[in-house]
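The next block holds one structure in the form of structure tokens; read it before the comments.
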Amino acid sequence: MSKKNFFTSSFLIITLLNLNFLLNSSNAQNPTSSSQVASELNVQDLPDQNNNGSKNLLTKKPTKENNQPKKSDNHKDKITLENIANDTSHVHQKLVNNDKNVKTVSLDEVVKSAIKNYPKILSHYDKIRSLESDLLASKGFFDIRLKQNYSAKTRGYYDGKTYDAEIEKYLGALGSKVYSGYRKSYGKFAEYDGQKLTNSQGEFRAGAKFSLLKDRDIDDNRLAIILGNLGIEEGKIELENIKMEIARDATKAYWSWVTSGKILQIYEDLYQLSLNRQKQLQARAKQGDIAEIVVVENRKNLLKRKASLVKIRQEFESDCLYLSLFYRDEESKPIVTSLANLAKIPSTLPKPPNEKEFKNSQELALNKRPEIRLLKIKNDEESNKLKLAKNSLQPQLDVDVGASKDQGAGPISRSEANNYANITMSMPLQLREARGKVGSSEAKISALKYQRSLLEDQIKVEIDQILVKVLMINETHNLLSEEVKLAEILQNSEVEKFKHGASNFFLVNIREQDLASSKAALAEVYKEYQNSLADYKLAVFDNKDIVELK
136 MSKKNFFTSS
146 FLIITLLNLN
156 FLLNSSNAQN
166 PTSSSQVASE
176 LNVQDLPDQN
186 NNGSKNLLTK
196 KPTKENNQPK
206 KSDNHKDKIT
216 LENIANDTSH
226 VHQKLVNNDK
236 NVKTVSLDEV
246 VKSAIKNYPK
256 ILSHYDKIRS
266 LESDLLASKG
276 FFDIRLKQNY
286 SAKTRGYYDG
296 KTYDAEIEKY
306 LGALGSKVYS
316 GYRKSYGKFA
326 EYDGQKLTNS
336 QGEFRAGAKF
346 SLLKDRDIDD
356 NRLAIILGNL
366 GIEEGKIELE
376 NIKMEIARDA
386 TKAYWSWVTS
396 GKILQIYEDL
406 YQLSLNRQKQ
416 LQARAKQGDI
426 AEIVVVENRK
436 NLLKRKASLV
446 KIRQEFESDC
456 LYLSLFYRDE
466 ESKPIVTSLA
476 NLAKIPSTLP
486 KPPNEKEFKN
496 SQELALNKRP
506 EIRLLKIKND
516 EESNKLKLAK
526 NSLQPQLDVD
536 VGASKDQGAG
546 PISRSEANNY
556 ANITMSMPLQ
566 LREARGKVGS
576 SEAKISALKY
586 QRSLLEDQIK
596 VEIDQILVKV
606 LMINETHNLL
616 SEEVKLAEIL
626 QNSEVEKFKH
636 GASNFFLVNI
646 REQDLASSKA
656 ALAEVYKEYQ
666 NSLADYKLAV
676 FDNKDIVELK
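In the working numbering, the protein residues as written are 136 to 685.
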């Protein structure tokens, strides 16, 4: 006997003795009859642990009696194997679906679908429309107004009546207001009401009022419009941020779906290897080429792989449902994908941004990030409130200038044109309310400066962390790619050795499992890389394509 055959035979004997020891230990802990064990494992004539039957199990060629198994037992073995195959047949059919009409779902489709039809985004459009309506309502103060007045003496000697109509409009600048009116008197008036008299065709007048101190630059109504415009701008920035967050989440959901589908395919292939090997081993066991315990061991491994496959399939179906939250039709209804829609995972990673691009993106992020822009809006709001508070500290000084002219028959004193000017001044003696508002606004503006400083530091750190993560994932992907190649070489080599009797089932199983684990890990790393890129786009607010989608 050669040294090679000697060592191979020794290894097989030691392995089989270890299996026999484990089997006897298991039977000692769980005293189940040998017939029950044989029935559960579908192995013929498994001996009782009290009899010296391990020799029959481990003997390569069974006895003549055992070489002719009962028909019922053979039938049971076949049915069990077919049941195992049928249990996962629907998965296999999905995996080999070659229907040309089934389209592959791309990341671009999912993201565009989410941006156009995601309910949270659609609801925010309504919020912006609501803010625009509020702004329109604030502008109502500046609408043209028509005022009318009618007065009459209903009892006494004098029966004078007066009709007065005026149109006015607030302009905003200098707190100004322009107006134009018409007045007409009828009947008799007492001498002390002589100013109410007009000529026969009435009096026409026009004028303007404006403020010189308080309410010159700002007042409550103009502040409401300023805050309304800032509110709309804030709503639009929030909409951009929601779109970017949904695009990020949709990207992560997509790659999670693709990755779990890829892993499902990997472990389905692994399961099919065991399923095919089970048929081959059963045929060889019937011919006496291998011991029956090898068939039992493979069937145990088959069930283990099937259990893993069920769990992985559950994760994939869960990812399909989660993806449907983002992948929607034109009516905003979720679309549930399947393995038939699955895209392939590229073998190489997309080119990552280099360190210089990351540094440049930091400056870009400091200008484009919604948090920074929203802080600027908050600062503008408080600045205008401060302006209004300081406005309240000033005295009220208003000027009213205009001209009037009576038309028709009447005395000369009323027939000539009249120009007039009125100045009104008022001032509060205590200003505690205004001073309190000034102090409050100044404190809030100061606090916003510190918030912005901290936020800028956080953004820089966030982008640096993403850079470190991307570089680490890129290196890990390269290592795993090499690991997959080596695992394939080792598996192919082990299978060849097994065919020529130089290896055993246990080593082949380990190589297969190792290759599947490496492929699954590689797919997971690709997902993590895509997730990091999605985080990077959100961090630098690279939103040109996203924001334009409606």
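A virtual CB, placed ideally from N, CA and C, is assigned to each residue, including glycine.
With residue i and residue j assumed to form a contact (beta carbons below 8 Å), what rounded beta-carbon distance in angstroms separates them?
| i | j | result |
| --- | --- | --- |
| residue 457 | residue 470 | Not really, about 12 Å apart at Cβ, beyond 8 Å. |
| residue 550 | residue 334 | 6 Å |
| residue 426 | residue 237 | Not quite, the Cβ-Cβ distance comes to about 46 Å (not below 8 Å), so this is no contact. |
| residue 538 | residue 340 | 7 Å |
| residue 304 | residue 277 | 7 Å |
| residue 377 | residue 270 | At roughly 21 Å, the Cβ-Cβ gap does not stay under 8 Å, so residue 377 and residue 270 are not in contact. |
| residue 598 | residue 500 | 6 Å |
Can you tell me whether DSSP reads residue i as helix, strand or coil?
| i | result |
| --- | --- |
| residue 370 | helix |
| residue 714 | What is shown of the chain runs 136 to 685, which leaves residue 714 out entirely. |
| residue 325 | coil |
| residue 149 | Low confidence applies to residue 149: its pLDDT is 44, below 50, so where it sits in the model is not reliable enough to give any reading. |
| residue 297 | strand |
| residue 424 | coil |
| residue 275 | helix |
| residue 489 | coil |
| residue 524 | helix |
| residue 690 | In this structure the chain extends from 136 to 685, so residue 690 is not present and cannot be described. |
| residue 574 | helix |
| residue 483 | coil |
| residue 600 | helix |
| residue 694 | Given a span of 136 to 685 for the chain in the structure shown, any question on residue 694 remains unanswerable. |
| residue 582 | helix |
| residue 284 | strand |
| residue 344 | strand |
| residue 318 | strand |
| residue 462 | coil |
| residue 253 | coil |
| residue 397 | helix |
| residue 560 | strand |
Relative to the C-alpha of residue i, which candidate in the options has its C-alpha closest?
| i | options | result |
| --- | --- | --- |
| residue 326 | 541, 295 and 412 | 295 |
| residue 367 | 552, 535, 512 and 643 | 512 |
| residue 746 | 447, 653, 615 and 629 | Past the edges of the chain, shown from 136 to 685, lies residue 746, and the structure says nothing about it. |
| residue 362 | 284, 455 and 266 | 266 |
| residue 675 | 493, 538 and 565 | 493 |
| residue 312 | 593, 520, 344 and 481 | 344 |
| residue 484 | 240, 245, 613 and 286 | 613 |
| residue 451 | 604, 555, 638 and 399 | 399 |
| residue 248 | 419, 467 and 369 | 467 |
| residue 302 | 405, 314, 531 and 396 | 314 |
| residue 404 | 441, 660 and 585 | 441 |
| residue 569 | 582, 309, 524 and 293 | 524 |
| residue 279 | 585, 587, 307 and 645 | 307 |
| residue 585 | 507, 645, 533 and 481 | 507 |
| residue 261 | 609, 527 and 370 | 370 |
| residue 530 | 446, 321 and 566 | 566 |
| residue 390 | 661, 672 and 677 | 661 |
| residue 571 | 557, 618, 522 and 408 | 522 |
| residue 556 | 357, 460, 502 and 342 | 342 |
| residue 242 | 392, 543, 356 and 428 | 392 |
| residue 618 | 631, 669 and 655 | 655 |
Give a yes or no on whether the C-beta atoms belonging to residue i and residue j are separated by under 8 Å.
| i | j | result |
| --- | --- | --- |
| residue 103 | residue 289 | There is simply no residue 103 to check, as the chain begins at 136 and stops at 685 in what is shown. |
| residue 448 | residue 433 | no |
| residue 338 | residue 535 | no |
| residue 589 | residue 510 | no |
| residue 647 | residue 665 | no |
| residue 496 | residue 454 | no |
| residue 374 | residue 250 | no |
| residue 514 | residue 583 | yes |
| residue 309 | residue 532 | no |
| residue 490 | residue 416 | no |
| residue 402 | residue 438 | no |
| residue 608 | residue 667 | yes |
| residue 699 | residue 245 | With the chain covering 136 to 685 only, the question about residue 699 has no answer from this structure. |
| residue 673 | residue 465 | no |
| residue 316 | residue 328 | no |
| residue 397 | residue 658 | yes |
Looking at chain D, is there any beta carbon in it that lies within less than 8 Å of the beta carbon of residue i?
| i | result |
| --- | --- |
| residue 297 | Going by chain labels, chain D is absent from the structure shown, which holds only one protein chain. |
Going by the C-beta, is residue i closer than 7 Å to any heavy atom of the ligand HEM?
| i | result |
| --- | --- |
| residue 635 | With respect to the ligand HEM, the structure offers nothing, as it holds no ligand at all. |
Taking one C-beta from the segment 648-666 and one from the segment 614-623 each time, how about it: are there three or more such pairs within less than 8 Å? The segment 648-666 makes contact with the segment 614-623, as at least three CB pairs between them are under 8 Å.
With a cut-off of 8 Å, do at least 3 Cβ pairs link the segment 591-600 to the segment 554-574? They do not touch, by the three-pair rule.
Can you find at least 3 beta carbon pairs, one from the segment 401-417 and one from the segment 379-386, that sit closer than 8 Å? Segments in contact, no.
Okay, do the segment 569-582 and the segment 513-524 touch, 3+ Cβ pairs below 8 Å being the bar? Contact annotation: the segment 569-582 touches the segment 513-524, with at least three C-beta pairs closer than 8 Å.
Using a Cβ distance threshold of 8 Å, determine whether the segment 344-357 contacts the segment 629-641, with at least three qualifying pairs required. In the pairwise beta carbon analysis, the segment 344-357 is classified as not touching the segment 629-641: fewer than three pairs are separated by under 8 Å.
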